[in-house]
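Trainee:
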Amino acid sequence: MIADYLRRGVAAGGVAGIGYGLYMALVGNPLSAYVEHAAHDHTHGGGGPVSEATTAAVSAGSGLLWAILLGGVFAVALYLLEPALPGSATARSYVLAGAGFLTVSGVPWLALPPAAPGAIHQYPIGARMRAYVGLMFLGAITAAAAVLAYKRAGRRHVGLGVVAGAVPVLLVAVVLAVAAPTVTTYPDHPADLVAAYQGLAVLTQAGIWVLVAGAFNALSRRRPGAENESTHASDEALVG
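Position 220 of the sequence shown, counted from 1, bears residue number 277 in my numbering, the numbering being contiguous throughout.
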């Protein structure tokens with residue numbers, strides 16, 4: 058059964074990766090080049106059209122591989138954690154996608170936001186990597202706390218569950234916003250340009266998780282016996 062989940066997860070990651078690769082080639086790379094140009098106030102011509110085409114191809118390929126990796130991890134995590142997730146089979150995929158986003162990007166980026174081209178880092182890369190890994194653990198704990206809070210309060214009312222589930226996320230966001238030091242500075246960048254770049258990075262990563270969950274659900278519905286599959290998977294995960 059886990060092999061079926063994994064196949065669907067990889068396929069769902071491929072679907073999301075195509076969209077992400079196109080975004081990087083058509084929007085992400087030009088935006089990065091614009092931000093870099095705005096920082097240095099001159100054009101870096103470099104390799105010309107061939108260089109731009111190569112960069113677009115590498116970005117598209119990297120985006121595809123990243124999304125396929127996320128799809129595989131998503132599928133294994135869903136197989137193992139599905140019994141503990143609230144909602145219907147379809148809703149559980151999106152709950153897990155939200156938890157994945159909080160773990161991999163959402164919470165870490167509250168303290169270590171995505172760096173725009175030309176950023177000046179205040180800490181060495183080793184320290185930033187160690188901090189990012191620690192923040193990923195914090196993100197996983199935050200997501201688990203949100204799910205548990207929702208399940209407990211949701212027994213009384215769904216709206217109350219949503220509010221309770223949001224509390225751990227908001228608490229971590231406030232604490233990190235107050236306590237986290239400044240890790241990057243942008244002396245040559247307009248503040249609104251940096252904010253737009255970082256906002257698009259956050260939305261793009263969130264979109265990948267949503268696409269993976271949506272494509273996984275669509276592939277699940279097309280399988281014979283799909284209505285009973287999530288129940289069987291839950292039973293197997295509990296016993297095994």
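Ideal placement from N, C-alpha and C gives every residue a C-beta, glycine not left out.
By a C-beta neighbour count over all protein chains shown, 10 Å radius and 16 as the cutoff for buried, is ILE182 buried or exposed?
Mentor: ILE182 is exposed by the Cβ-count criterion.
Trainee: Please state whether DSSP places HIS214 in a helix, a strand or coil.
Mentor: It is coil, neither helix nor strand.
Trainee: Here's the rule I'm using: 16 or more other beta-carbon atoms within 10 Å means buried, otherwise exposed. How should ILE265 be labelled?
Mentor: ILE265 is buried by the Cβ-count criterion.
Trainee: Do PRO140 and GLY211 count as a contact pair if the criterion is CB distance below 8 Å?
Mentor: Against a cut-off of 8 Å, the Cβ pair of PRO140 and GLY211 comes out as no contact.
Trainee: Tell me which residue opens and which closes the alpha helix (DSSP H) that TYR254 is part of.
Mentor: Run containing TYR254: 248–278, per the alpha helix (DSSP H) assignment.
Trainee: Unbroken alpha helix (DSSP H) runs of length 4 or more, entirely within the stretch 93–181: which are they?
Mentor: Within the stretch 93–181, the complete alpha helix (DSSP H) runs of at least 4 residues are 105–138, 146–158, 164–168.
Trainee: What is the DSSP secondary structure of THR242, counted as helix, strand or coil?
Mentor: Three-state result, THR242: strand.
Trainee: For LEU159 versus GLY196, is the C-beta distance shorter than 8 Å?
Mentor: Yes, they are a contact pair.
Trainee: How many angstroms separate the CA atom of ASP61 from the CA atom of VAL133?
Mentor: For ASP61 and VAL133, the distance between alpha carbons rounds to 10 Å.
Trainee: With H, G and I counted as helix, E and B as strand and the rest as coil, what does DSSP make of ALA90?
Mentor: The answer is helix: DSSP assigns ALA90 an H, G or I state.
Trainee: Exposed or buried, what is TYR80 when buried is set at 16 or more other beta-carbons lying within 10 Å of its beta-carbon?
Mentor: Buried, by the Cβ-count rule.
Trainee: Tell me which residues share the same chain as THR199 and place their Cβ nearer than 7 Å to its Cβ, disregarding the 5 neighbours each side in the sequence.
Mentor: Once the five neighbours on either side are set aside, the close Cβ partners of THR199 are LEU159, VAL164, PRO225, VAL226, VAL229.
Trainee: Give me the residue from GLY271, ARG279, ALA237 with the minimum Cα distance to GLY71.
Mentor: Of GLY271, ARG279, ALA237, the residue nearest in Cα terms is GLY271.
Trainee: DSSP three-state call for ALA73: helix, strand or coil?
Mentor: In the structure shown, ALA73 sits in a helix (DSSP, three-state: H, G or I).
Trainee: Can you grab the Cα-Cα spacing for the pair ALA300 / ALA172, in whole Å?
Mentor: Given a span of 58 to 297 for the chain in the structure shown, any question on residue 300 remains unanswerable.
Trainee: Give me, in chain order, the residues of the same chain whose beta-carbon lies closer than 7 Å to that of LEU63; leave out the 5 immediate sequence neighbours on both sides.
Mentor: Cβ within range, chain order: GLY129, ALA132, VAL133.
Trainee: For ALA73, does the count of other Cβ atoms within 10 angstroms reach 16, so buried, or fall short, so exposed?
Mentor: It counts as buried.
Trainee: Return the CA-CA distance between LEU94 and HIS246, expressed in angstroms with no decimal places.
Mentor: Position check: residue 94 holds His in this sequence, whereas Leu was assumed. Approximately 10 Å, taken between the alpha carbons.
Trainee: Pull up the distance between the alpha-carbon of GLN179 and that of THR239, whole angstroms please.
Mentor: Taking the straight line joining both Cα atoms gives about 8 Å.
Trainee: In or out: ARG187 buried (at least 16 other Cβ within 10 Å) or exposed?
Mentor: Exposed is the call here.
Trainee: Using the three-state DSSP reduction, which class does MET58 fall into: helix, strand or coil?
Mentor: If DSSP states are grouped into helix, strand and coil, MET58 belongs with coil.
Trainee: How would you call PRO106, buried or exposed, if buried means at least 16 neighbouring beta carbons within 10 angstroms?
Mentor: Because the pLDDT at PRO106 is just 46, under 50, the model does not fix this residue reliably, and the value given afterwards should be weighed accordingly. Flag for PRO106 reads exposed.
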